[in-house]
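**Q**
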Amino acid sequence: MKVDVLLGLQWGDEGKGKVVDYLATKYQVIARFQGGPNAGHTLEFDGHKHVLHQIPSGIFREGTVNIIGNGVVLDPVVFKKEIHDLEKFKIDLVEKLVLSKKTQLILPSHKLLDAAYEKAKGKDKIGSTLKGIGPCYQDKIARNGLRIGDILADGFQERYRNLVKKHERILKQYKYEYNLKEVEAPFFEAIAFLKQFKLLNSEYLINHHLKNNQKVLAEGAQGSLLDIDFGSYPFVTSSNTMAAGACTGLGVAPGQIGEVYGIFKAYCTRVGGGPFPTELFDELGEAIQNEGHEFGATTGRPRRCGWLDLPALKYAIMINGVTQLFMMKADVLSILEDIKVCTHYELKDGTKTDELPFQLLDEEVNPIYKNMKGWKTDITSLSRVEDMPVELAEYISYIEKEVGVPIRLISVGPNRTQTLLK
Ligand code: GDP
Ligand code: IMO
Ligand code: MG
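Quick note: the sequence shown uses our numbering, first residue 2, plus one each step.
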């Protein structure tokens, strides 16, 4: 069997959590391969709304194994809280969860560094979630990091102290005031808590499942436009959010990748800083924000809203090898008389292109739009694609024609049940 990959094609928050939960009945293994507590994946069913940060979104489905892969950076304190929040649902979490021993640990001092770096950047700040993601990946690449497997070995405390000493030197350089003592006690409690879970070389486990014809779904975090290599650098996250990240973040070979499900919203959102060519600054943007409840699942920050950007979508489809598209939040656009789609950018010298420039800068690209008629109908209780309003069907077929990949799933509301398959 193959590993199917599900990932966001925009700037995150496309609705990955909802769809992973929806699809999880078809898979035996669900695995996160990158990112960490910067992610906020929302699931809604049976009158409950759950936001998962590090735990894979298959956790509520019976018979699934949920793996936190080596490509993830894990905050043990956030993990402990997530586990406690799930306790009332009577899921056997120790049985269902597996953590890679090679997963990097986010230390309290990584979060302090994140804040210090952002503060020093001033108006050019990334708008990080301040969960310690960048500094943790930095230590991983610099070969200084601590991994989950290290907590089981002697000398963990000493290695921790040595790394923190390095961090404190940097914090002093940045003249950043901090109090490590008050955050260290909960950290060590969470490290002790972690030891009851299955901590494994999960690459063996995944490949074993594949050999035994079990289906694996890799759950991406963030989105392709936040990818460290191909996103709107430097306004990106610190991991490879693209399909290739599933190989390095789980230990599966490229030839083992099957379907690549690319998720996008029927419009665009972005939270934090950075370019966003189709951003709406008027009451229309505000209306979409309100209708779509576009407020961050991790930080609560309002999400910037704008029109669907086809050059960016085509780029994301290209670098990921997307085989099927899932369009989310179509219901949000039901409030609009007219809908715009960006088909090309006009550059400063007057040339028209549908490629992303090396440096995506709002002032350098002028979006060219196609106008489309809105459907102006409540679609939240639709149960068959055949009953879709004709304008929505046209919107979908226009996008399919432009990007050359079929849209197989259309989401018309946050609930698990508000999902149409085409
Ligand atoms: P993720 O990070 O990609 O998992 O997405 P988030 O959970 O951060 O943000 C998506 C938000 O949209 C959540 O509040 C979801 O409950 C909600 N959502 C998902 N799909 C739909 C949809 O089709 N329609 C509406 N109205 N909301 C949706
Ligand atoms: P999910 O998985 C949306 C954004 C932050 C910031 C930039 C860098 O829920 O889609 P970081 O904390 O990684 O250093 O922040 O990336 N960002 C996200 N935006 N959804 C996410 O995750 C995000 N994770 C990070 O807002 O602009
Ligand atoms: Mg999110």
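Note that CB positions come from ideal geometry on N, CA and C, so glycine has one too.
(1) Distance check for S335 and G275, CA to CA, integer angstroms please.
(2) Just to confirm, is the Cβ distance from G307 to Y268 under 8 Å?
(3) Going by CA-CA distance only, name the one from S412, K19, D155 that's closest to I380.
(4) I'd like to confirm something about A193: is its beta-carbon nearer than 7 Å to some heavy atom of ligand 1, or not?
(5) Check whether the stretch 316-332 touches the stretch 16-26, taking contact to mean three or more Cβ pairs, one atom from each stretch, closer than 8 Å.
(6) Please report the straight-line C-alpha distance between Q174 and G150, rounded to a whole angstrom.
(7) A298: beta carbon under 7 Å from a heavy atom of ligand 3?
(8) Mind the definition here: the stretch 389-400 touches the stretch 347-361 only if three or more C-beta pairs lie below 8 Å; say whether that holds.
(9) Name the two residues that bound the continuous beta strand (DSSP E) containing V30.
(10) Tell me whether Q105 counts as near ligand 2, meaning its Cβ is closer than 7 Å to at least one heavy atom of that ligand.
(11) Candidates V333, Q223, C343: which alpha carbon is nearest T299's?
(12) Whole angstroms are fine: how far does the CA of F236 sit from the CA of V66?
(13) What did DSSP end up calling S110 once you bin it into helix, strand or coil?
(14) Between the Cα of G72 and the Cα atoms of A288, E403, A245, L309, which residue gives the shortest distance?
(15) Please determine if the stretch 171-190 and the stretch 102-115 are in contact, where contact requires at least 3 C-beta pairs separated by less than 8 Å.
(16) Does DSSP put H49 in a helix, a strand or coil?
(17) Exposed or buried, P255, counting other C-beta atoms within 10 Å across all chains shown (16 or more means buried)?
(18) Per DSSP, which one or two residues make a beta bridge with H345?
(19) Under a Cβ-count criterion, where at least 16 other Cβ atoms within 10 Å of its own Cβ denotes burial, should D93 be classed as buried or exposed?
(20) When the Cα of P57 is compared with those of Y28, D47, G48, which residue comes out closest?
(21) Please report the straight-line C-alpha distance between W376 and I318, rounded to a whole angstrom.
(22) Does the beta-carbon of K176 have 16 or more other beta-carbons within 10 angstroms, so that it is buried, or is it exposed?
(23) Assign Q197 to buried or exposed, taking buried as 16 or more other Cβ atoms, counted over all protein chains shown, within 10 Å of its Cβ.
(24) On a Cα-Cα basis, can you pick out the residue from F188, L337, E395, N367 that is closest to G293?
(25) Buried or exposed for N214, please, with buried defined as at least 16 other CB atoms from any protein chain shown within 10 angstroms of its CB.
(26) List in chain order: all unbroken beta strand (DSSP E) runs of 3+ residues lying wholly within the stretch 186-218.
(27) Output the boundary residues of the alpha helix (DSSP H) element that contains G133.
(28) Quick check on the burial criterion: 16 or more other C-beta atoms within 10 angstroms. Buried or exposed for F282?
(29) If you draw a straight line from the C-alpha of L362 to the C-alpha of H85, how long is it?
(30) With a cut-off of 8 Å on the beta carbons, I'd call A247 and I229 a contact; round off their distance for me.
(31) From Y316 to L227, what distance separates their C-alpha atoms?
(32) Rounded to whole angstroms, how far is the Cβ of F61 from the Cβ of D22, which I believe are closer than 8 Å?
(33) Ligand 4 and D140: does any heavy atom of the ligand fall closer than 7 Å to the residue's C-beta?
(34) Buried or exposed: which applies to Q35, given that a residue is buried once 16 or more other Cβ atoms fall within 10 Å of its Cβ?
(35) By alpha-carbon positions, which one of Y396, I264, G252, K349 ends up nearest to K3?
(36) Give the single residue among E260, V272, F46, S239 whose Cα lies nearest to the Cα of A219.
**A** The structure says:
(1) Near 28 Å, if we compare the C-alpha coordinates of S335 and G275.
(2) yes
(3) S412
(4) no
(5) Between the stretch 316-332 and the stretch 16-26 there are three or more inter-stretch CB-CB distances shorter than 8 Å, so the stretches are counted as touching.
(6) Cα-Cα distance, rounded: 31 Å.
(7) yes
(8) no
(9) Under the DSSP assignment, V30 falls in the beta strand (DSSP E) whose first and last residues are 30-33.
(10) no
(11) Checked all of V333, Q223, C343; the closest Cα to T299 is Q223.
(12) The straight-line gap from Cα to Cα measures roughly 34 Å.
(13) helix
(14) Checked all of A288, E403, A245, L309; the closest Cα to G72 is A245.
(15) Three or more Cβ pairs drawn from the stretch 171-190 and the stretch 102-115 lie within less than 8 Å of each other, which places the two stretches in contact.
(16) H49 falls in the strand class under three-state DSSP.
(17) exposed
(18) I369
(19) exposed
(20) Y28
(21) 26 Å
(22) exposed
(23) exposed
(24) L337
(25) exposed
(26) Those beta strand (DSSP E) runs which fall completely within the stretch 186-218 and span 3+ residues are 199-201.
(27) From DSSP, G133 is part of no alpha helix (DSSP H); its letter is neither H nor E.
(28) exposed
(29) 43 Å
(30) About 15 Å separates the two Cβ atoms, so there is no contact after all.
(31) In this structure, the CA atom of Y316 is about 13 Å from the CA atom of L227.
(32) 6 Å
(33) Looking at this structure, you won't find ligand 4 anywhere; what it does contain is ligand 1, ligand 2 and ligand 3.
(34) buried
(35) Taking only the C-alpha atoms, the option nearest K3 is G252.
(36) E260
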